[in-house]
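Here's the structure, in structure tokens; my notes come after.
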Amino acid sequence: MAGQPEHLPGVSIHDEVLPACEFTTLHLRRGQVLRIIDLEGQQVLDFAAYHPANHEEKLSCIYSNTLNGAWRLKQGHVIYTNRCNEMLTITDDQLGIHHSGGGCCNNELYVSRFGKPHRNCFDNLMAALEPHGVQRTELEADCIFNFFMNLEYNPDGSFKFASPPTTAGDYVDVRAEMDILAGLSNCPQDLTATNGFNPTPLRLIIYEPSGA
Ligand SMILES: [Zn+2]
73 MAGQPEHLPG VSIHDEVLPA CEFTTLHLRR GQVLRIIDLE GQQVLDFAAY
123 HPANHEEKLS CIYSNTLNGA WRLKQGHVIY TNRCNEMLTI TDDQLGIHHS
173 GGGCCNNELY VSRFGKPHRN CFDNLMAALE PHGVQRTELE ADCIFNFFMN
223 LEYNPDGSFK FASPPTTAGD YVDVRAEMDI LAGLSNCPQD LTATNGFNPT
273 PLRLIIYEPS GA
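One rule links them: number in our numbering = place in the sequence shown (from 1) + 72.
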């Protein structure tokens, strides 16, 4: 793996490349920052997050949107839990294209839309989280945040999944405001524009910010 990225404002304590279509589990301590780098561009990361000791408290897209007055969360916005506690702050965001609406691709969705099973984010997230005690019933649509997902809402009420405008090297930083257990799925959708019809790798860095 490449060395320390330029301008990383802190000390790296974790650095991995998440291959296309794969999943991983991360444990963030309060104050640490997760940098998500889109290595090749146009790639969505589905992110489900929990209080490590109480999985009933988890990320909530709905309450995050309500408290921010926005559904497309950007730098300066806070992602909240379903108990309305601060979970993550978006501290550095080059594009501001993320979908805080909940949900992820699952096998049933592929069968309904395309008539065949497909590798999917729900199964990826369960594979990441089940070894850490998260039950299937605890992985709900509302606790899944879609980094770099470009959903376009139209005035007539319709919407479409557009390709993300990200290019190679674009990143977002989110600072943990509490200890967090997170499951991450590098979205394997290759049948729509969601990932530009071509799933690609992401790089994940956890760092301790300077002066923290
Ligand atoms: Zn997906």
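All residues carry an ideal CB built from backbone N, CA and C; glycine is no exception.
>> Using DSSP's beta-bridge definition, name the partner residues of residue 269.
In response: Residue 269 is not bridged to any residue.
> Of all Cβ atoms in chain B, is any one closer than 7 angstroms to the Cβ of residue 144?
Replying inline: In the displayed structure, chain B is absent; only one protein chain is listed.
> By how many angstroms is the C-alpha of residue 162 removed from the C-alpha of residue 241?
Replying inline: 17 angstroms
> What residue range is occupied by the uninterrupted beta strand (DSSP E) comprising residue 88?
Replying inline: 82-90
> Alpha carbon to alpha carbon, what distance is there between residue 128 and residue 272?
Replying inline: 32 angstroms
> Using the beta-carbon count (16 or more within 10 Å), is residue 252 buried or exposed?
Replying inline: buried
> Taking the C-alpha atoms as reference points, what is the distance between residue 73 and residue 234?
Replying inline: Since pLDDT at residue 73 reaches only 40, below the 50 mark, its modelled position is unreliable, and no value is offered.
> Who pairs with residue 257 in a beta bridge, going by DSSP?
Replying inline: 95 and 118
>> Taking DSSP's pairing of strands, which residues face residue 194 in a bridge?
In response: DSSP output for residue 194 lists no bridge partner at all.
>> If contacts are defined as beta-carbon pairs under 8 angstroms, then residue 215 and residue 121 qualify, I think. What distance do you get, rounded to the angstrom?
In response: 7 angstroms
> Can you name the residues that DSSP bridges to residue 107?
Replying inline: 245 and 277
> Is the beta carbon of residue 83 sitting closer than 7 angstroms to the one on residue 280?
Replying inline: yes
>> Measuring only the C-alpha atoms, how far is residue 137 from residue 147?
In response: 14 angstroms
> Under the criterion of a Cβ to heavy atom distance below 6 angstroms, does residue 156 qualify as lining ligand 1?
Replying inline: no
> Three or more C-beta pairs closer than 8 angstroms, one from the region 249-265 and one from the region 174-189: is that the case here?
Replying inline: yes
> How long is the line joining the alpha carbons of residue 131 and residue 213, rounded to whole angstroms?
Replying inline: 10 angstroms
> To the nearest whole angstrom, what separates the beta carbons of residue 179 and residue 189, a pair I think is in contact under 8 angstroms?
Replying inline: 5 angstroms
> From residue 203 to residue 125, what distance separates their C-alpha atoms?
Replying inline: 14 angstroms
> Cβ of residue 220 within 7 angstroms of Cβ of residue 172?
Replying inline: no
>> Considering just the uninterrupted stretch of the alpha helix (DSSP H) at residue 134, what are its terminal residues?
In response: 133-140
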